[in-house]
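See below for the structure under consideration.
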Amino acid sequence: MGFLVNPIAGMGGAVGLKGTDGLVEEALARGAVAVAPRRAEAALAGLVGLDVLFLTAAGDMGEASLRRYGLRCRVVHRPSGTSTAEDTREVCRCFIEEGVDLIVFSGGDGTARDVAGVVGSRVPIIGIPAGVKMHSGVFAVSPQAAGELIRGYLEGNLQTRETEILDVDEEKYRAGTLDTKIYGVAAVPYQPVLVQERKQIYAASSEEDFKEEIAAFASEFMQDGSAYILGAGTTTAKIAELLGVEKTLLGVDLVKDGRVICRDASESDLLREIEAVGRTKIVVSPIGAQGFILGRGSQQISPQVLRKAGPENLIIVATPHKLKETPRLMVETGDPELDEIISGRRQVICGYRIAQRKEVVATSKVGTDGESP
Amino acid sequence: MKTKILLDEEEIPKRWYNVAADLITPLDPPLNPQTGKVIDPKDLEMIFPRELIRQEMSTERWIDIPDEVREILKLWRPTPLFRAHRLEEHLKTPARIYYKYEGVSPAGSHKPNTAVAQAYFNMKAGIERIATETGAGQWGSALSMATSFFGLECRVYMVRASFDQKPYRKSIMQVWGAECVASPSELTNSGRAILKEHPNTGGSLGIAISEAVEDAATHDNTNYALGSVLNHVLLHQTVEGQELKKQMATVDDYPDVIYGCVGGGSNFPGMCFPFVPDKLKDKKEIKMVACEPAACPTLTKGLYTYDFGDTARLTPLLKMYTLGHDFIPPSIHAGGLRYHGDAPLLCNLVHDGVIEAMSFHQNEVFKAAVTFARTEGILPAPESSHAIKPAIDDAIACKKTGEEKTIVISLSGHGHFDLSSYDAYFSGNLVDYEYPEELVKQSLAKIPKF
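Residue numbers (the working numbering), protein chains in the order written: chain A, 1 to 373; chain B, 1001 to 1450.
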């Protein structure tokens, strides 16, 4: 198993820096302390006694934490001086070469991006949450939960699924603009919850089965002659796969009558195409750990696009697994009035010809009544 | 003021009421899926006794209940009609709320009303053994008890997933002398075929039906029995509504509305069919409302057409409201209401506007169930609670209008085997499933009909 700690992850948070990318010195000057090693160790505490060889990087990039818990390890990389993103990537390349079964890292969205950039979905990844921003779906809900996931996966009790890697442009974020992008896809182990013990011949309990059910249903209702904007993500990608069209996984595509009419569309492309094709519907799926249906990862589907297509033509799709993990879905289009229209108890397609009622909350509303996102 | 309105044993109805005699539109007959022609009653003789086939086809208004059957019904019938004084006070409503409680039967629901009759007619026909399927376990339990009364053997094929989840259902069937096996099983060809390919399957109602039908068709001494949907099943349940009418008369009242839950449709038709002639011939103003889950809204969102009664396409084609025989309702906690179609007799009356239908989400249904339990004491089955929900809403609406409406709830069973569902409700883990009607219509538009 590969294990690495981004020792500087999370340092900017407590000192008000909204992330630590490019600002380690500043964070240290403001009195920040390292959080990632401590969080990593909280996960490792649950692994004591497990017969596994950990491959890791020297010092505070992993080795020190492992030794503290007496876990068997071998160092595959030594950073020269303060560790950098390049060190993270290098360690991951070593992990791949050595053929590890699982990679565990302690960090935030930036670290997830670096790890997934090298590993892709070749080897499952588990993130121990230690960053300032954790939008990606690779993070366990707590370090303790990460420990349980690691143990469960190594003991062969878990399945893996694909999830999106998201990150925020920190410079823009500090300037007041939240711009989240999807940077890739990673494989993550998960506990297969028995979401539905359906009266079905073959108990469909894997998330992949439900993505296929949703896609099968969508491929039926999408033949109504309307154009469909397919948002980013793995669930909408499955719909495209079933329709036999090539989808931009990280972008937004426009599909009509089983053909792509605009690939990787920008906001202006979408506005132009809606004008041209007429009746247009929008299919989106919650992205990342917080369950954003709009406002994260699909900025192309802007308030103008939504208004032009008509907010009543927004179709939300999500697997029961995802819906179980997120108590409610979030929307933040940048247009509070539109967010208000979209929020409320909405229908979410979760399988073949079946839906759930789910609360959709406008982030602009969150906080005003004392709630946190 | 009376709380329990009781009848004497002698007042158990002596005849079943057959609504087929009073329909506005005659019932469309079941069709043979191979030929598209009306089913020949002889085709059914391999798995049903002649008397039940006769009842299935009959349009006579009244059919005598054999004394032997009435003797057994005396064990729990007539069932009590309660006036829900405490619920009324809690709601501060001017409405009068009544509930007729079928949970007093030994099996805990209305199912024994037909199980006893079916076991009896099979026994009379020289049948020694009955095979059936059960999903949640109510029907299997009721038939186990009924067959034990007539000295018949009984084998119940119980959907594997439920078999594992509700082990006490198997226990109670065993107490009544039946053999309850998890389906798919090694006992039938259809079961073995599925197991060979999918050894870890959780089973399905479709497979369990196939196994029970195969069992009945391959054993000379064995017949098959069904606990819902068919005309003769609804017929046997009409003892409920006949009693209700007498009970209401003893307190000089008459229902303005009857609410009852519908899965395949047997309890609710049993309660309200005897009131159908009042509405059609005597022009009485009575509303009868079928209550179904939003996750499986057959009457409110389905198509009125011929469809198979089962997923495996083994049954004749029945004219009914259907969500499609391939529709698999999500696993809501009212397991007894998860059926893609509904009884043809009930569908006929809904289609002709005599009976209405409404659907509800499970969280609001459980909320109503808890209010009911905290005021009236009885723990209702999740299925039955679908009828409590609109009754409470109706009673609350009466506060505004001041109407002293007479509301009747058909309380089909208790929820003592459903406590894990109540746990799920209290822990906030109940998902509100629903049927995406518009999108389904959109998909059906392009799909060729079978």
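Ideal placement from N, C-alpha and C gives every residue a C-beta, glycine not left out.
ask   = DSSP on residue 153 of chain A, reduced to helix/strand/coil?
value = Against the first sequence, residue 153 of chain A aligns to sequence position 153. Collapsing the DSSP output to three states places residue 153 of chain A in a helix.
request  = Please list the segments of the alpha helix (DSSP H) lying wholly inside the segment 7-75 of chain A, counting only runs of 4 or more residues, in order along the chain.
outcome  = Given a length threshold of 4 residues, each whole run of the alpha helix (DSSP H) inside the segment 7-75 of chain A is given here in chain order: 11-14, 24-29, 36-44, 63-68.
request  = Please determine, among B:1305, B:1277, B:1426, B:1362, the residue with the shortest C-alpha to C-alpha distance to residue 1030 of chain B.
outcome  = Taking the first residue of the second sequence as position 1, residue 1030 of chain B is located at position 30. Closest by alpha carbon: B:1305.
Under 8 angstroms from the C-beta of residue 332 of chain A: neighbouring residues of chain B = For the purposes of this step, residue 332 of chain A is taken as residue 332 along the first sequence, with counting starting at 1. Chain-order list of chain B residues neighbouring residue 332 of chain A: empty, with the shortest C-beta distance near 24 angstroms, by a criterion of under 8 angstroms.
key: residue 83 of chain A burial status per 10 Å Cβ neighbour count (16 or more: buried)   = Here the question's residue 83 of chain A lines up with position 83 in the first sequence. Around the Cβ of residue 83 of chain A, a 10 Å sphere holds 16 or more other Cβ atoms; the residue is buried.
query = residue 1243 of chain B: which of B:1073, B:1140, B:1203, B:1285 sits nearest, CA to CA?
reply = Within the second sequence, the letter at position 243 stands for residue 1243 of chain B. In this structure, B:1073 is the residue among B:1073, B:1140, B:1203, B:1285 with its C-alpha nearest to the C-alpha of residue 1243 of chain B.
message = Helix, strand or coil for residue 77 of chain A? Go by DSSP, reduced to three states.
response = Within the first sequence, the letter at position 77 stands for residue 77 of chain A. Three-state result, residue 77 of chain A: strand.
task = Output yes or no for whether 8 angstroms exceeds the beta carbon distance between residue 119 of chain A and residue 227 of chain A.
result = As a working note, residue 119 of chain A is residue 119 in the first sequence. As a working note, residue 227 of chain A is residue 227 in the first sequence. Result no, Cβ atoms of residue 119 of chain A and residue 227 of chain A do not sit closer than 8 angstroms.
ask   = Is it a yes or a no for the segment 1293-1311 of chain B touching the segment 1189-1197 of chain B, going by three-plus beta-carbon pairs under 8 angstroms?
value = No contact exists between the segment 1293-1311 of chain B and the segment 1189-1197 of chain B.
ask   = Applying a beta-carbon distance threshold of less than 9 angstroms, which residues of chain A neighbour residue 1327 of chain B?
value = The residue given as residue 1327 of chain B occupies position 327 in the second sequence. The answer, in chain order, is 352, 353, 354.
ask   = Which residues in chain B sit within 8 angstroms of residue 347 of chain A, going by Cβ to Cβ distance?
value = Your numbering for residue 347 of chain A matches position 347 in the first sequence. Within chain B, 1434, 1436 have C-beta atoms less than 8 angstroms from the C-beta of residue 347 of chain A, given in sequence order.
key: chain A contact residues for residue 1443 of chain B, given Cβ-Cβ distances below 8 angstroms   = Position 443 of the second sequence holds residue 1443 of chain B. Against chain A, a Cβ distance below 8 angstroms from residue 1443 of chain B picks out 217, 220, 221, 223, 353.
ask   = For the segment 1349-1367 of chain B, which residues have a CB atom closer than 7 angstroms to at least one CB atom of chain C, in sequence order?
value = Protein chains A and B are contained in the structure displayed, whereas chain C is not.
query = Which full runs of the beta strand (DSSP E) of 3+ residues lie inside the segment 267-316 of chain A, going along the chain?
reply = Runs of the beta strand (DSSP E) inside the segment 267-316 of chain A: 280-284, 292-294.
key: Rounded C-alpha distance that separates residue 1172 of chain B from residue 1189 of chain B   = Taking the second sequence and counting its residues from 1, one reaches residue 1172 of chain B at position 172. Taking the second sequence and counting its residues from 1, one reaches residue 1189 of chain B at position 189. Here the alpha carbon of residue 1172 of chain B sits roughly 27 angstroms from the alpha carbon of residue 1189 of chain B.
inquiry  = Can you check whether the C-beta of residue 279 of chain A is within less than 8 angstroms of a C-beta belonging to chain B?
reply    = Counted from its first residue, the first sequence places residue 279 of chain A at position 279. It does not: the Cβ of residue 279 of chain A has no partner Cβ on chain B nearer than 8 angstroms.
ask   = Can residue 1256 of chain B and residue 1287 of chain B be called in contact, C-beta distance under 8 angstroms?
value = One-based indexing of the second sequence puts residue 1256 of chain B at position 256. One-based indexing of the second sequence puts residue 1287 of chain B at position 287. In contact: residue 1256 of chain B and residue 1287 of chain B (Cβ atoms closer than 8 angstroms).
query = What do you get for residue 1273 of chain B, buried or exposed, if any count of 16 or more other CB atoms within 10 angstroms of its CB means buried?
reply = Against the second sequence, residue 1273 of chain B aligns to sequence position 273. Under this definition residue 1273 of chain B is a buried residue.
task = Using three-state DSSP, classify residue 1301 of chain B as helix, strand or coil.
result = As a first step, residue 1301 of chain B must be located in the second sequence, where it is residue number 301. Looking at residue 1301 of chain B - three-state DSSP - the assignment turns out to be helix.
query = At a Cβ threshold of 8 angstroms, is residue 393 of chain A touching chain B?
reply = Because chain A spans 1 through 373 in this model, residue 393 of chain A falls outside it and cannot be assessed.
message = Is the beta carbon of residue 1094 of chain B closer than 8 angstroms to that of residue 1285 of chain B?
response = The count along the second sequence starts at 1 and reaches residue 1285 of chain B at position 285. The count along the second sequence starts at 1 and reaches residue 1094 of chain B at position 94. Their beta carbons are not under 8 angstroms apart, which means residue 1285 of chain B does not touch residue 1094 of chain B by this criterion.
message = I want to check one thing, is the minimum distance from the CB of residue 1153 of chain B to the heavy atoms of the ligand MN below 7 angstroms?
response = The ligand MN is absent from the structure shown, which contains no ligand whatsoever.
ask   = Taking three-plus beta-carbon pairs below 8 angstroms as touching, is the segment 1120-1136 of chain B in contact with the segment 1391-1406 of chain B?
value = Cβ pair count under 8 angstroms is below three, so no.
request  = Return the bridge partner residues of residue 1222 of chain B from the DSSP annotation.
outcome  = Start at 1 with the first residue of the second sequence, and residue 1222 of chain B comes out as number 222. Note: residue 1222 of chain B sits in a beta bridge opposite B:1129.
task = Report the option in B:1020, B:1090, B:1027 whose CA atom is closest to the CA atom of residue 1377 of chain B.
result = Against the second sequence, residue 1377 of chain B aligns to sequence position 377. When each option's Cα is compared against that of residue 1377 of chain B, the closest is B:1090.
request  = Provide the residue span of the beta strand (DSSP E) that contains residue 1319 of chain B, from first to last.
outcome  = Residue numbering aside, residue 1319 of chain B sits at position 319 when the second sequence is read from its first letter. That run of the beta strand (DSSP E) goes 1317-1322.
Element boundaries [alpha helix (DSSP H), containing residue 1168 of chain B] = To locate residue 1168 of chain B, count along the second sequence from 1; it is residue 168. Counting along the chain, the unbroken alpha helix (DSSP H) around residue 1168 of chain B starts and ends at 1167-1175.
query = Between which two residues does the beta strand (DSSP E) harbouring residue 163 of chain A extend?
reply = Taking the first residue of the first sequence as 1, we reach residue 163 of chain A at position 163. Element bounds for residue 163 of chain A: 159-168.
query = Quick one, which of A:126, A:149, A:5, A:39 has its alpha-carbon nearest residue 164 of chain A's?
reply = Along the first sequence, one-based indexing puts residue 164 of chain A at 164. Out of A:126, A:149, A:5, A:39, A:126 has the C-alpha closest to the C-alpha of residue 164 of chain A.
key: Test item: CB-CB of residue 1106 of chain B and residue 1081 of chain B under 8 angstroms   = Position 106 of the second sequence holds residue 1106 of chain B. Position 81 of the second sequence holds residue 1081 of chain B. No, Cβ-Cβ distance for residue 1106 of chain B and residue 1081 of chain B is not below 8 angstroms.
key: Local Cβ density within 10 Å of residue 1319 of chain B, reported as buried at 16 or more and exposed below that   = Taking the second sequence and counting its residues from 1, one reaches residue 1319 of chain B at position 319. The C-beta of residue 1319 of chain B has 16 or more other C-beta atoms within 10 Å across all chains shown, which makes the residue buried.
key: residue 1016 of chain B: first and last residue of the uninterrupted alpha helix (DSSP H) it sits in   = Here residue 1016 of chain B refers to the residue found at position 16 when the second sequence is read from its first residue. Element bounds for residue 1016 of chain B: not the alpha helix (DSSP H) but the beta strand (DSSP E), 1015-1017.
task = Please check if any C-beta of chain B sits within less than 8 angstroms of the C-beta of residue 199 of chain A.
result = Within the first sequence, residue 199 of chain A is the residue found at index 199, counting from 1. Caution applies to residue 199 of chain A, whose pLDDT of 29 falls short of 50 and renders its modelled position unreliable; the value that the coordinates give is listed next. Interface residue, yes.
task = Take residue 1046 of chain B and list the residues in its own chain whose beta-carbon comes closer than 6 angstroms to its own, dropping the five residues that flank it on each side.
result = Stepping through the second sequence from its first residue, residue 1046 of chain B is reached at position 46. Close CB contacts of residue 1046 of chain B within its chain, under the 6 angstroms cut and outside five residues either way in sequence, are with 1217 (chain order).
task = Give every residue of the same chain whose Cβ lies closer than 6 angstroms to the Cβ of residue 1044 of chain B, excluding the five residues on either side of it in the sequence, and list them in chain order.
result = Looking up residue 1044 of chain B in the second sequence gives position 44. Excluding sequence neighbours, residue 1044 of chain B sits near 1053.
inquiry  = Between the alpha carbons of residue 1292 of chain B and residue 1357 of chain B, how many angstroms are there, rounded?
reply    = Mapped onto the second sequence, residue 1292 of chain B falls at position 292. Mapped onto the second sequence, residue 1357 of chain B falls at position 357. Whole-angstrom Cα-Cα distance: 7 angstroms.
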